[in-house]
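Q: Quick one: structure below, then a few questions.
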Amino acid sequence: MSGTAGTVVGIDIGGTSVRAGVLDPSDPDCRILEIVAAPTPHTVPETEDTLAGLVDVLRERHSVRAVGLAVAGFVSTDRARVMFAPHLAWRHDPVPEQLSARIGLPVVMDHDVNSAAWAEYRHGAAAGSPVALLVALGTGIGAGLVVHGDIYRGAHGVAPELGHVVVVPGGRPCPCGKRGCWERYCSGTALADTARELAADPAFAGQPAMGGDTGAPITGAMVAAAAEAGHPVALAAFADLGRWLSVGLAMATDVLDPEVIVIGGGVVGAARHFLPDAVAGMLAGITGHGHRPAPRVEVARFGGLAGIIGGALLAADAVA
Ligand SMILES: [Zn+2]
C-alpha cells in the first residue's frame with residue numbers, strides 16, 4: 001500500500017463529535033485515507049481516552065508520525081493549552097503534552113478555524129496567497145487569517161473574532177453576551193432566525209410552511225432545501241444573509257486588505273443563493289471602490305474536512 005509510510009493524523013474536536021483522519025502530507029490533494037469518529041466526551045479523562053483510542057485505531061493500519069488537534073475553543077498563544085472551550089471539558093489543560101506522553105507521538109494543537117484556514121492556504125482555495133482570510137458560515141462565523149505564510153493570532157491568541165463584531169447596535173442577542181454581532185445575521189443560525197421572522201411578515205402571508213406541516217422549528221438546512229424549491233421566504237432569507245455577508249466582507253476588507261477571501265462552513269453548499277450578490281455588494285462597499293484592487297472571493301475546497309486536513313498538515317510541519 002503506497003502513501004501510508006509517514007502519514008499524519010488530524011483530529012477535529014467539535015462540540016458533538018471527534019473525527020480523526022489520516023493522510024499523507026506529500027499528497028497535494030490531501031486525500032484522507034481513513035477516518036474514524038466518536039461522540040465528544042464530557043470529562044477530561046474520557047476525552048483523552050477517546051483521542052488516544054482513535055489514534056490507536058488508525059495506527060493499526062497506517063504508519064503515523066504525528067498528530068494535530070483542531071479544537072473548537074480558545075487555545076493559548078503558544079498552543080500548549082486549551083484555555084476555554086464552551087462545548088469541551090478542557091479548562092487550561094496542557095492537552096498536547098498530556099496526549100503526546102500517552103500515545104508516544106508528537107502532538108500539536110490549534111484552533112479549528114485556524115486549522116481549516118491553514119488547509120485552504122496550503123492546498124485549497126487560498127493556496128499560496130500572501131494574505132488569505134477564511135470566513136466559515138456555520139452555527140456562527142469562524143474566521144481564520146493567514147498572513148505571509150503565518151497564521152495570525154493576535155497578541156493573546158483570540159484573533160480574528162470577526163463573527164462578534166457588532167453590526168447592529170442593540171440587535172439580536174448573541175451567546176457571547178453582546179447584541180447585534182455579525183454572526184447573528186450571517187450564519188446558518190441567522191438564516192433560520194431570519195426565515196422565521198420573514199415567515200411571520202404579512203408580506204409573505206399565505207406561503208406554505210418551510211418544513212411542511214410538521215410544525216418543526218425552521219432550521220438552516222430546511223431553509224436551504226426550501227430555497228432549492230424556489231420558496232419565496234427562503235430566497236428572501238438568503239438575500240438577507242447575502243446583504244449581511246457583503247457588509248461584513250467589506251468591513252473585513254477595509255481592515256485587512258486580503259488577497260483572497262475563502263467562504264466555507266455548512267451554509268456554503270447553498271452559495272448560489274447568496275454569494276454572487278454578496279460579492280457584488282462587498283465590491284461596492286469597500287473604501288476606494290473602483291480605484292483599488294479588491295480581494296477575490298472563493299468557495300472553500302475542503303468543506304467539513306478542512307479542520308482534519310489542516311490539523312494533519314500542521315502536525316506534519318512540526319515534525320518536518
Ligand atoms: Zn457575539
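Residue numbers for the sequence shown follow the UniProt record's numbering, beginning at 1 and rising by one.
Beta carbons: idealized from backbone N, C-alpha and C, even for Gly.
1) Considering only DSSP beta bridges, list what M109 is partnered with.
2) Which of the three DSSP states is assigned to G163 in this structure?
3) For A315, which residues in the same chain have their Cβ closer than 6 Å to its Cβ, ignoring the five residues on either side in sequence?
4) Examine ligand 1 and report whether any of its heavy atoms sits within less than 7 Å of the Cβ of H148.
5) Less than 6 Å between C-beta atoms, sequence neighbours within five positions excluded: which residues of the same chain meet that for D240?
6) Quick check on the burial criterion: 16 or more other C-beta atoms within 10 angstroms. Buried or exposed for V255?
7) Is V247 near M210, with beta carbons less than 8 Å apart?
8) Going by the C-beta, is C176 closer than 7 Å to any heavy atom of ligand 1?
9) Ends of the alpha helix (DSSP H) at A284?
10) What is the DSSP secondary structure of E48, reduced to helix, strand or coil?
11) Following a CB-centred definition, is C181 positioned closer than 7 Å to any heavy atom of ligand 1?
12) Within 10 Å of its beta-carbon, does T77 have 16 or more other beta-carbons around it, so buried, or fewer, so exposed?
13) How about V57 and V36: are their beta carbons less than 8 Å apart?
14) Assuming V55 contacts A89 under a Cβ cut-off of 8 Å, what Cβ separation, rounded to an integer in Å, is found between them?
15) Can you list the alpha helix (DSSP H) stretches of 4 or more residues lying completely in the region 73-104, in chain order?
16) Closer than 8 Å is the cut-off here; do at least three beta carbon pairs connect the region 136-151 with the region 106-126?
A: Taking the structure as given:
1) L69
2) helix
3) V8, A66, V67, G68, V108
4) no
5) T194
6) exposed
7) no
8) yes
9) 275-285
10) helix
11) yes
12) exposed
13) yes
14) That pair is no contact at about 18 Å.
15) 95-103
16) yes
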